[in-house]
Amino acid sequence: MATKGRNYIIAQLQERGLSRDMARRILNEVIAEMTRALQAGESVEVPFGHLKVVSLNRQTQRGWYLNRIRTIYRQNRTVVLIPKQ
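Under our numbering, the first residue of the sequence shown carries the number 2, and numbering increases by one thereafter.
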């Protein structure tokens with residue numbers, strides 16, 4: 002199954018009578034609200050499960066980057082999809 006991006010969702014909203022600009026604004030606001038909720042540590046429910054931010058136990062590492070040995074910082078949090086049962 003191919004991934005369908007924002008343009009697909011905007012096209013679906015246009016089929017329901019919204020202008021392209023209005024559909025784009027609505028979609029951007031929905032995504033912004035989901036982002037704010039995830040940043041606040043809340044869970045976001047979607048039709049096929051829910052999205053949640055989880056903490057990872059990662060240590061900093063030393064490694065080669067841009068031809069020098071540097072400290073590499075890994076992301077300590079990530080968003081995971083927990084499927085609906």
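Glycine included, each C-beta is placed from N, C-alpha and C at the ideal position.
Note that this is a predicted model, so its numbers are computed, not measured.
Taking 8 Å as the threshold (C-beta atoms), are residue j and residue i in contact?
i: residue 73; j: residue 61; result: yes
i: residue 82; j: residue 50; result: yes
i: residue 39; j: residue 10; result: no
i: residue 55; j: residue 78; result: yes
Give the secondary structure of residue i by DSSP, where H, G and I count as helix, E and B as strand, and everything else as coil.
i: residue 69; result: strand
i: residue 61; result: coil
i: residue 43; result: coil
i: residue 75; result: coil
i: residue 28; result: helix
I need the straight-line Cα distance from residue i to residue j, nearest angstrom please.
i: residue 15; j: residue 48; result: 21 Å
i: residue 84; j: residue 53; result: 11 Å
i: residue 58; j: residue 8; result: 36 Å
i: residue 18; j: residue 26; result: 14 Å
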